[in-house]
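J.: Each residue of the sequence shown is one higher than the one before, starting from -9 at the first, in the numbering used here.
Positions of the beta carbon are idealized from the N, C-alpha and C atoms, including for glycine.
Remember, predicted model here, so these are calculated numbers, not experimental data.
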Amino acid sequence: MANRKKAWLVSAAAAFLGAAFLANSLLSSPEERTGQTSRAVLSGTAQNPVSPVNAEPSSSIGQPPATGEGVHQPLSKRIVEYHINVEYSPENQKLLGQQTVTWKNPGSQPVQELYMHLYPNAFASEKTTFMKESGGKLRGDEAKKGSFGDMELRSIKTGDETDLSSAMQFVQPDDGNPDDRTLIKITLPKPVAAGAAITLHTEFAVKLPQVFARMGVTKDFVMAGQWFPKLAVYEPAGTRGRTAEGWNLHQYHGNSEFYADFGIFDVRVKVPADYIVAATGFPTKNPVVEAGKKTYQFYADDVHDFAWSASPNFKVFEEPYAAPNLPGVKIKLYLDPKHEPYKSRYMIAAKKALSRYSQWYGTYPYSTLSVVVPPEGANGAGGMEYPTLVTAWGASEGTPDLELERVVVHEIGHQFWYGLVATNEFEEAWLDEGFTSYTEDKLMELEYGSKPNLPVEASYITSPAALQKNAWGYRSHGEYADNVYTRAKLVLKEIENRVGLNTMDRIMKTYFQRWKFKHPGTRDFQTVVEEITKTKWTEFFDQYVYGSMMTDYAVDSIRIRQANESGQTLYESSVLVRKFGGTVPAVPIRFHFADGSTTEKIWDGQGEQIEYKLTHKSPVDWVSLDPKYTLKLENRHINNYMKTEVDTTWRIRWTLGVVKLLETLFDTVAW
Ligand SMILES: [Zn+2]
């Protein structure tokens, strides 16, 4: 999911950073200013833009691959197989569905219970865990008063018609909230042996709420995400460090997204005849119109979710596209009419993202990628990722800024970090949001020249928390977002900073290639980092990933002592630098003297503090730690700088710089 930028804070923070730059610049020689401003230039990499190669247009209609030897080798383990018929009725905003789902036991033990997520029940009342945790709010959007949604399992039977309705039980493993019905346990008549499969037939009904938190209806726009009874993930031993196999069970939470297994989806969607449907996968035949209704049929394999969206108003545009390491994909746009004038901006953003990510990490393996642009009032459905289908922000009036491209680039990033490398979003959200934010920044800078202001972003992190943590364990949506998006991205930028861009590219590519179509955890990423760099990263991960540290080095004091040596007046400047946060291996420190000269030193960052004594013909008048902003996790920039009034007496004097005062005034911004 895309996170809304804190626009006001960016400008406010930028203004203060600007002031700090200015203060530095006034005191620096021109050479030093060059050094400071080159920070931005250094991080840009000149690469030639991709030359798109247009593939031959392929037919809109695909065929599910025939099974059999040598034909379409499965890319994933295909634990689940869904066959769903669903009909949408605009009169009551309801979905009626029949689902046949087959589950294959991937473990080594017999399993006698299945668990399904009934996500729409998150919107069933104000007492659900989702609503209590979120207060009915998400990313500035609000649940509409009196608009509820729910899911009812009307029947559930095994393949041999054994009725299991009395074997169902809602469970609340996370908080015991009896009003939460988002997870159901189904006890089977007999266990499913390791490697064996079971098929269940269910009938279900979903009342869609007004669009909020990714799903629902706004006028005649429908977003069906998390709309069918969806099996939980059974993790074999070894998955994400598990020692014993078992189900990974969580309710739908205010801050959490999802987790599911790979498989096959064969879905028929029936809508009013004038509706157009966008969906995961590809259509296997042309829609059939009968008695005022239109039925679409879609197929997708090696994906772990299926979403669709419908509206009579979509403006549809399709283009086949191929690029190096991207053999051919059909990009489909389903635009709210207000954004029809921007169709080429959406298309270009999708092409840039698909081609770059395929080059950087590995081939996008699916034949379609659909971009849905919801109407303005349905923004709650915007900025969301599903396998092969993403939603952009709602189409508002006025010329959109670069956020139009950014959200497409972000959500397509999730095709790689979520869709393919299918991490557990309940428990390790940083592995999809942090990685996607890192990837998004890299592309936006390279293709759109939009450079992130990382020091300002770091300054947002006022409440750092561990990254490998349940999404609902963060104290607020703000804390969740600041950590799993921004802090996580800065962790990756700091790794890049230490190992260099080429090695970082190898780390990301290796991690992607090793874990696509699987469910890695944080340790699996650490293992890749350690393998590629041939170094232990224990301290780094303990402090910044499993722990909640940021980097915080500070100039603590500057003391000046005048000394006379053989008739010449000299000054001994004592500068105390302290460490308050996590460790970095090299802390650059610039000392500036009253005569305009400077000297730089690198502290190895070990220990709690270090004192520098510099003897020179004039006293130190300011000290700047990390003057080029190379420490990506340094979030309290205000204490990195200290200026002193020169005191020429013998008296030792502690100074309080202006910046120290600002720190007191603005401590909530945590420079
Ligand atoms: Zn996201």
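Compare the beta carbon distance of T713 and Y428 with 8 angstroms and say whether it is the shorter of the two.
T.: Only positions -9 to 661 of the chain appear in this structure, which leaves residue 713 out of reach.
J.: Would you mind working out which of L436, W350, T358 and Y336 sits nearest P390, comparing C-alpha positions?
T.: Counting from one through the sequence shown, the residue named residue 390 turns up at place 400. Looking at the Cα atoms, Y336 is the closest of the given residues.
J.: Just to confirm before moving on: does the CB-CB distance between E437 and R396 stay below 8 angstroms?
T.: The residue labelled residue 437 in the question sits at position 447 within the sequence shown. The residue labelled residue 396 in the question sits at position 406 within the sequence shown. Contact flag unset, no.
J.: Pull up the CB-CB distance for R204 and M374, whole angstroms please, since I reckon it's below 8 angstroms.
T.: Against the sequence shown, residue 204 aligns to sequence position 214. Against the sequence shown, residue 374 aligns to sequence position 384. R204 to M374, Cβ: 5 angstroms. Contact.
J.: Name the one or two DSSP bridge partners that Q159 has.
T.: On the sequence shown, residue 159 is found 169 positions in, with the first residue counted as 1. Partner(s): K175.
J.: If I measure Cβ to Cβ from E123 and keep anything under 8 angstroms in the same chain, skipping five residues before and after, which residues do I get?
T.: To locate residue 123, count along the sequence shown from 1; it is residue 133. So the list reads H243, G244, N245 and W462, once near-sequence residues are dropped.
J.: With DSSP collapsed to three states, give me the class of H606.
T.: By one-based count along the sequence shown, residue 606 stands at place 616. Correct three-state label for H606: strand.
J.: Do the segment 273 to 286 and the segment 306 to 319 make contact, defined as three or more Cβ pairs closer than 8 angstroms?
T.: no
J.: Along the chain, where does the beta strand (DSSP E) that runs through K569 open and close?
T.: Translated into positions along the sequence shown, residue 569 becomes position 579. Per DSSP, K569 belongs to the beta strand (DSSP E) from Q558 to K569.
J.: Compare the beta carbon distance of Q216 and F248 with 8 angstroms and say whether it is the shorter of the two.
T.: What you label residue 216 is simply residue 226 of the sequence shown in a count that begins at 1. What you label residue 248 is simply residue 258 of the sequence shown in a count that begins at 1. Against a cut-off of 8 angstroms, the Cβ pair of F248 and Q216 comes out as a contact.
J.: Between which residues of its own chain and T413 is the CB-CB distance below 6 angstroms, once the five residues before and five after are set aside?
T.: To locate residue 413, count along the sequence shown from 1; it is residue 423. Counting only Cβ-Cβ distances below 6 angstroms, and skipping sequence neighbours, we find L421 and D422.
J.: With a CB to CB cut of under 8 angstroms and the five nearest residues on each side skipped, what residues in its chain are close to A343?
T.: Against the sequence shown, residue 343 aligns to sequence position 353. Contacts found: V398, V399, I402, G403 and L433.
J.: Indicate the three-state DSSP secondary structure (helix, strand or coil) for Q596 in the structure shown.
T.: For the purposes of this step, residue 596 is taken as the residue at position 606 of the sequence shown. The answer is coil: DSSP assigns Q596 none of H, G, I, E or B.
J.: At a cut-off of 7 angstroms, would you count T426 as near ligand 1, judging by its Cβ distance to the nearest heavy atom?
T.: Here residue 426 corresponds to residue number 436 of the sequence shown, with the count starting at 1. At least one heavy atom of ligand 1 is nearer than 7 angstroms to the Cβ of T426, so yes.
J.: Hey, is A(-8) close to ligand 1, as in C-beta under 7 angstroms from one of its heavy atoms?
T.: In the sequence shown, the residue the question calls residue -8 occupies position 2. For ligand 1, at least one heavy atom lies less than 7 angstroms from the Cβ of A(-8).
J.: What is the C-beta distance between Q599 and V577, in whole angstroms, given that I count them as a contact (C-beta under 8 angstroms)?
T.: One-based indexing of the sequence shown puts residue 599 at position 609. One-based indexing of the sequence shown puts residue 577 at position 587. With 8 angstroms as the limit, Q599 and V577 do not qualify as a contact, their Cβ atoms being about 11 angstroms apart.
J.: Assuming V361 and L316 make a contact with CB atoms under 8 angstroms, what is their CB distance in whole Å?
T.: Within the sequence shown, the letter at position 371 stands for residue 361. Within the sequence shown, the letter at position 326 stands for residue 316. At roughly 16 angstroms, the Cβ-Cβ gap does not stay under 8 angstroms, so V361 and L316 are not in contact.
J.: Could you tell me which residues DSSP pairs with V363 in its beta bridges?
T.: On the sequence shown, residue 363 is found 373 positions in, with the first residue counted as 1. L325.
J.: Could you pull the start and end residues of the beta strand (DSSP E) that W350 belongs to?
T.: If you number the sequence shown from 1, residue 350 lands on position 360. Looking at the DSSP string, W350 is not in any beta strand (DSSP E); the run it does join, the alpha helix (DSSP H), is K333 to W350.
J.: From which residue to which residue does the alpha helix (DSSP H) around N554 run?
T.: On the sequence shown, position 564 is the one that residue 554 refers to. First-last for N554: Y543 to E555, but that is the beta strand (DSSP E), not the alpha helix (DSSP H).
J.: Name the DSSP beta bridge partners of Y438, please?
T.: Here the question's residue 438 lines up with position 448 in the sequence shown. DSSP output for Y438 lists no bridge partner at all.
J.: Buried or exposed for I592, please, with buried defined as at least 16 other CB atoms from any protein chain shown within 10 angstroms of its CB.
T.: Within the sequence shown, residue 592 is the residue found at index 602, counting from 1. I592 comes out exposed.
J.: Output needed for K717: all residues of its chain with C-beta closer than 8 angstroms, excluding positions within five of it in sequence on either side, in chain order.
T.: As shown, the chain starts at -9 and ends at 661. That puts residue 717 outside it, with no answer to give.
J.: Please go through the segment 402 to 490 and give each complete alpha helix (DSSP H) segment of 4 or more residues, from N-terminal end onward.
T.: 420 to 438, 444 to 449, 467 to 471 and 478 to 489
J.: Name the residue from S345, A268 and T285 whose alpha carbon lies nearest to the alpha carbon of F296.
T.: One-based indexing of the sequence shown puts residue 296 at position 306. The shortest C-alpha to C-alpha distance from F296 to any of S345, A268 and T285 is the one to A268.
J.: What would DSSP say about L128, mapped onto helix, strand or coil?
T.: As a position in the sequence shown, residue 128 is number 138, starting the count at 1. Residue state, collapsed to three classes: strand.
J.: Just to confirm before moving on: does the CB-CB distance between K147 and D153 stay below 8 angstroms?
T.: Within the sequence shown, the letter at position 157 stands for residue 147. Within the sequence shown, the letter at position 163 stands for residue 153. Yes; because the gap between Cβ atoms is below 8 angstroms, this pair is in contact.
J.: Hey, is E423 close to ligand 2, as in C-beta under 7 angstroms from one of its heavy atoms?
T.: For ligand 2, the structure offers nothing, since it holds only ligand 1.
J.: Does G136 pass the burial test, meaning 16 or more other C-beta atoms within 10 Å, or should it be called exposed?
T.: Walking along the sequence shown from the start, residue 136 turns up at place 146. With fewer than 16 Cβ atoms within 10 Å of its Cβ, G136 is classed as exposed.
J.: Cβ of V196 within 8 angstroms of Cβ of L85?
T.: Locating residue 196 in the sequence shown gives position 206, where the first residue counts as 1. Locating residue 85 in the sequence shown gives position 95, where the first residue counts as 1. Contact flag set, yes.
J.: Between which residues of its own chain and G60 is the CB-CB distance below 8 angstroms, once the five residues before and five after are set aside?
T.: Position 70 of the sequence shown, counting from 1, holds the residue named residue 60. Its pLDDT being 43, under 50, G60 is placed unreliably by the model, and nothing is read from it.
J.: Go through its chain and collect everything with a Cβ distance to A(-8)'s Cβ below 7 angstroms, but skip five positions before and after it.
T.: Within the sequence shown, numbered from 1, the residue matching residue -8 stands at position 2. Contacts found: G373, V397, H400 and E401.
J.: Mapping the DSSP letters down to three states, classify E330 as helix, strand or coil.
T.: The residue labelled residue 330 in the question sits at position 340 within the sequence shown. Note: E330 maps to helix in three-state DSSP.
J.: Excluding the 5 residues preceding and the 5 following R171 in the sequence, name in chain order all residues of the same chain whose CB lies nearer than 7 angstroms to its CB.
T.: Indexing the sequence shown from 1 puts residue 171 at position 181. Cβ neighbours of R171 beyond the five flanking positions: L108, N111, A114 and F160.
J.: Out of curiosity, what's the CA-to-CA distance linking G236 and F218?
T.: Residue numbering aside, residue 236 sits at position 246 when the sequence shown is read from its first letter. Residue numbering aside, residue 218 sits at position 228 when the sequence shown is read from its first letter. Looking at the two C-alpha atoms, the distance is approximately 23 angstroms.
J.: Hey, quick one: how far does the alpha helix (DSSP H) through R513 stretch, first residue to last?
T.: Taking the first residue of the sequence shown as 1, we reach residue 513 at position 523. Per DSSP, the continuous alpha helix (DSSP H) segment holding R513 begins and ends at T512 to T523.
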